[in-house]
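Each remark here refers to the structure printed beneath this line.
Chains as they are written, first to last, in this note's numbering: chain A, 13 to 292; chain B, 47 to 507.
As structure tokens, then:
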């Protein structure tokens, strides 16, 4: 019979092996993307697939960058993502605060109605939203992507649920000291909501950074395109003609900010998932 | 005013504002729908490429939307910029390109339905009739009559002119011409001591050679594509004497013995004779010919393979075979269109005419493009150059002469996408080997197609 410490060690080893294997499976597509960014067009299509390029084609990065203004796409994506993330944190926290703390007629019905908007599939909303943007004269502007993204029923719901868990006594004490509603929100609620802010912030950032469909509809000129739109500009009607090696090179370069953000915010991200019970 | 009254008033005000804006939108929409009259009042000096209807000093934005990719759009850009610089210098051109084909077909209907269409759009033969049938495209015949392009229509591929007609009216001006042929791995072929296929070969000849070229599941003699891909296999169907439906769209033809025979032949290649790769192999291997797994591969005449092959093996091209009812060759292509609600229709037509009938421009499109341009006399610009020309010495014969003679217009009906779903669902059973009897599948599809035709076309009659 195995000793308890030996069997524990065995379980640990098995767990590590399993985790390493899972890690490899998860990271493999990413490594594949990086290696493919150095391949020739012919190597991409080779079967059985070759893992390592015969010769590292650094020129793929230069060629991709020269073919399309990825710096412009990058700035556009960054602008849209920052505005949407900050805006959504602000509107969702205000909405969440109102639904969690304020008393007004029809509050629950309004909240339910707001939540119900999550059930409507986006393609149904697409043409009405397009017409609204058109009537504002916002077609082919970044505003048309930013403004509809400033509000989120899901974000409001997340905020509300978190805020409902904050003890009312803190607010009561502030009220006795003469604090206004805005003061309560800004000085009491917001500081206590850092984890949920981090969670919503990261989810919104990632969602907006990768957003494709709505910008595709709204943006027409190359100078207003975002990164996901820019990446597909290499795709041709005949699959064999698509320069996948350049797409991979551009993808590698553009995925960097999101990785950096994840590394920086990893602690909050994990904490947020644990706090809210949400998975990406 | 108490708070409740205030909120009530605010709500009423909001609803009122929303109602007003909605009415304004409806008014705008109805105005633009009725704006279909095309005046041809010549008020300004005309040139070889402008009608003199629009003021050359006009300012504004001219919107173009295309599915061409970063490298493909270069040729169009050159020509479009030249046109506007010369004839309408104050017009700002907004180019929306680099949208993949699938995304293009998602975005375009939204723009057209949303009332914000571009002035000139790219149009595919599989979609043209669908858009024309719901009045989203401008009929080009008045323009073609008033300001006829050089050589129209006789010098343009008749199949391409026909492909973009709906109810006998022209809705798009074809710009390219893609046709099918056989790509042959010569390293494999030279070992079997057979002549290369000619246009007089039959499907039986091809099968005989395919059997000789097949070596278990390491090497397959033939790859003619999937029978689930309706348009691409239509030439085989017609070669056997089969069809999808009758001309009036009142009856399916999937119950014809010839139709069933064609599909049985395609299915048997894979499951009975085992000379074609099964889906398990082709799905994990997007280019089986390039990978050296297939000896004879049917594909389009675009020399795209040349770049991918990188001299991996010797290869060439040959014509596709003929069937019991004659020889038919796949034809496909794209065109330029004007949306019905476009703002600058006259300029759009002038631009299309300039791009596709000015000889210098045809040279640019042909040489920088991947296929033949739609004007037959400009075929030499579409011929492969250099190393590829050596590989494909009979390129002109296979992809130009024979295509002109035997090209078949695929009947992409106005509800083609809807019907294609029905077709695919049924034919995938043959392709994946879930059912090996083409008769069973064809009869099932026959019923489904008849129901579709009745629901879609007969009720309207």
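By construction, the Cβ of each residue, glycine as well, lies at the ideal position given by its N, Cα and C atoms.
Shown here for residue 141/B: same chain residues with a beta carbon closer than 6 Å to its own, the five before and five after excluded, namely 110 in chain order.
Contact between residue 376/B and residue 278/B holds: CB atoms are separated by about 6 Å, below the 8 Å threshold.
When CB distances to chain B are screened at a threshold of 9 Å, the residues of the region 208-235 of chain A falling below it are 224, 225, 228, 229, 231, 232, 233, 234, in chain order. Between residue 204/A and residue 78/A, the alpha-carbon positions lie close to 47 Å from each other. Of all alpha-carbon atoms in 132/B, 115/B, 453/B, 306/B, the one lying nearest the alpha-carbon of residue 490/B is that of 306/B.
A distance below 8 Å separates the beta carbons of residue 217/B and residue 211/B. Going by DSSP, residue 139/B is part of the beta strand (DSSP E) stretching over 137-142. Cβ proximity to chain B below 7 Å picks out 244, 245, 246, 247, 248, 249, 250, 251 from the region 236-251 of chain A. When beta bridges are read from the DSSP output, residue 166/B appears opposite 110/B.
Comparing C-alpha distances from residue 164/B to each of 393/B, 479/B, 265/B shows the shortest one belongs to 393/B. Taking C-beta atoms as the reference points, residue 167/A and residue 100/A count as a pair closer than 8 Å.
Fully contained in the region 176-249 of chain B are the following alpha helix (DSSP H) runs of length 4 or more, in chain order: 187-192, 204-209, 232-235. Under the criterion of beta carbons closer than 8 Å, residue 97/A and residue 217/A qualify as touching, at roughly 5 Å.
Within the region 309-341 of chain B, the residues whose Cβ lies closer than 7 Å to some Cβ of chain A are 331, 332, 333, 336, 337, listed in chain order. The shortest CA-to-CA distance from residue 155/A to any of 136/A, 170/A, 126/A, 226/A is the one to 226/A. With respect to the 8 Å criterion, residue 160/B and residue 139/A are classified as neighbours on the basis of their beta carbons. Close to residue 79/A, with beta-carbon spacing below 9 Å, are these residues of chain B in chain order: 116, 117.
Take the alpha-carbon of residue 198/B and the one of residue 422/B: they are about 11 Å apart.
For a Cβ distance threshold of 7 Å, residue set 139 of chain A lies close to residue 159/B, ordered along the chain. For residue 144/B, the neighbours in chain A by C-beta distance under 9 Å run, in chain order, 80, 234, 237, 241, 242, 244, 245, 246, 247. In terms of beta-carbon proximity, residue 123/B stays away from the interface with chain A, with every pair separated by 8 Å or more. Non-local beta-carbon contacts of residue 408/B in its own chain, meaning distances under 8 Å to residues more than five positions away in sequence, involve 402, 419, 421, 424, 427 in chain order.
About 43 Å separates the beta carbons of residue 315/B and residue 166/B, which is beyond the 8 Å limit, so they are not a contact pair. Taking 8 Å as the threshold, the shortest C-beta distance from residue 420/B to chain A does not fall below it. With respect to the C-alpha of residue 177/B, the residue from 484/B, 463/B, 481/B, 504/B having the closest C-alpha is 463/B. The three-state secondary structure of residue 71/A, taken from DSSP, is helix. The beta-carbon of residue 109/B is placed less than 8 Å from the nearest beta-carbon of chain A. With contacts defined as CB atoms closer than 8 Å, residue 208/A and residue 241/A fail to qualify as a contacting pair.
Taking residue 243/A as reference, the option from 144/B, 97/B, 92/B, 382/B with the minimal CA-CA separation is 144/B. DSSP places residue 302/B outside both helix and strand once states are collapsed to three, so it counts as coil. As DSSP reads the structure, residue 337/B sits in no beta bridge.
Within its own chain, the residues whose Cβ lies closer than 7 Å to the Cβ of residue 201/A, once the five positions on either side in sequence are excluded, are 109, 175, 178, listed in chain order.
Below the 8 Å Cβ cutoff, chain B contributes no neighbours of residue 173/A, its closest Cβ being approximately 26 Å away. For residue 153/B, the neighbours in chain A by C-beta distance under 8 Å run, in chain order, 228, 229.
Interface flag for residue 147/B against chain A is set, since a Cβ pair is found closer than 8 Å.
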